[in-house]
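Here the structure comes first, spelled out in structure tokens, and everything after it is commentary.
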Amino acid sequence: MGFIKSALAGRRDDAELGKGLWRRAHDRFRRGLDRYHQVLEGIDDDALYSELVVIADGLAGLLPRVRAVCVEAQRRSPSEGLDVPGDYAAVHRALSRAGNALATTAEAAAMLRLAVGPVPVGALSVQRRATTVLEHVQEAEELMRR
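Heads up: the sequence shown runs through residues 1196 to 1341, numbered per my numbering.
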């Protein structure tokens, strides 16, 4: 059953996101989110875990927004390759930055997981990076409204 569901989701993604630039931007964000959640699985400190889960929830809430931007960008400027359309270069840049910021957020969470002893400032470094992810997603949304 999982195979059929996955195949249908892939077809829907192909229809809505295409197979090019916008699909890659969406998938990269989703992979970063998956990586962040994988990092959570290895955290033993309950207080730190609780802080990181709140951040994870906020980041997960961004995925539908990223998808909406990518779907709209694909509708306006279809992409089947990796060429960035000039009119949407800033949108692509904001989405790329969001994906990069999400990767560094997962990396910061992983560093906390590896910390020895109590972490004096908790998940503050992770929260700062997650805020950057939100800012880039908001930038992409704003650029699409123009």
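Where a beta carbon is used, it is the ideal one built from N, C-alpha and C, also for glycine.
Model, not experiment: these values are computed from the prediction.
In whole angstroms, what is the alpha-carbon distance linking Glu1211 and Arg1288? Against the sequence shown, residue 1211 aligns to sequence position 16. Against the sequence shown, residue 1288 aligns to sequence position 93. Taking the straight line joining both Cα atoms gives about 20 Å.
8 Å CB neighbourhood of Leu1179 in its chain, flanking five on each side removed: No information on residue 1179 is available, as it lies outside the stretch 1196 to 1341 that the chain covers here.
Considering Pro1259, what are the terminal residues of the alpha helix (DSSP H) in which it resides? Sequence index remark: in the sequence shown, residue 1259 carries index 64 (1-based). Leu1258 to Arg1271 is the span of the alpha helix (DSSP H), which, as asked, contains Pro1259.
Just mark Ser1274 as buried or exposed, buried being the case when its beta carbon has 16 or more other beta carbons within 10 Å. In the sequence shown, the residue the question calls residue 1274 occupies position 79. Counting Cβ neighbours within 10 Å, Ser1274 comes out buried, since at least 16 surround it.
As a quick exercise: from Arg1292, Val1286 and Gly1294, pick the residue whose alpha carbon is nearest that of Val1140. Here the chain covers residues 1196 to 1341 and nothing more, so residue 1140 does not appear.
Between which two residues does the alpha helix (DSSP H) carrying Leu1247 extend? Here the question's residue 1247 lines up with position 52 in the sequence shown. Element bounds for Leu1247: Asp1241 to Ala1255.
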